[in-house]
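For the sequence shown, the positions run 1086 to 1191 when my numbering is used. Backbone N, C-alpha and C define an ideal beta-carbon position, used for all residues, glycine too. This report concerns only the one structure given below.
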Amino acid sequence: MQPGAPCHDLQGYCDVFQRCRLIDAEGLLSRLKRLVFGGRGAGSALLRYWYLTVVAVVLGGAATIVFVRICAVCTPSTNPHLPPERGILSSALQPVSLFKDMTRFQ
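So this is what it looks like as structure tokens:
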């Protein structure tokens, strides 16, 4: 057979090694669409385990808040009215002090 000729009852094409390569009728986008919007995909898992989704969103928000607080304490400022910045190590070793000094950012 010539390379590129249809084979296997028009289900594939012959390659240069004289092998029939089957055509994938479902491309990457259609498989991704079926995974997300199909009955067994990630979307249905998020709806089925809604409580885990809520926990993940809350934990992600808490992690974001802690990250911003640590970076705000460790970022130097030229404002003379603010206390001097602390290092990341001292912030990590004393995490409660991050939330005690709430007047710094008002």
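7 Å CB neighbourhood of residue i in its chain, flanking five on each side removed
i: Gln1103; result: Met1086
i: Leu1107; result: His1093, Gln1096 and Gly1097
i: Ser1115; result: none
Residue i - containing beta strand (DSSP E), residue span
i: Gly1097; result: Gly1097 to Cys1099
i: Leu1107; result: Cys1105 to Leu1107
Residue span of the alpha helix (DSSP H) that contains residue i, given as start and end
i: Pro1119; result: What sits at residue 1119 in the sequence shown is Arg, not Pro. Run containing Arg1119: Leu1113 to Phe1122, per the alpha helix (DSSP H) assignment.
i: Arg1133; result: Ala1127 to Arg1133
Check whether residue i and residue j have beta carbons under 8 Å apart
i: Gly1112; j: Tyr1098; result: no
i: Leu1120; j: Ala1127; result: yes
Spatial neighbours of residue i in its chain, beta-carbon cut-off 8 Å, leaving aside the 5 residues before and after
i: Phe1122; result: Gly1128
i: Thr1138; result: Leu1131
Contacting residues, own chain, Cβ-Cβ under 6 Å from residue i (five flanking each side not counted)
i: Gln1191; result: Its pLDDT being 49, under 50, Gln1191 is placed unreliably in this model, and the coordinates cannot settle the point.
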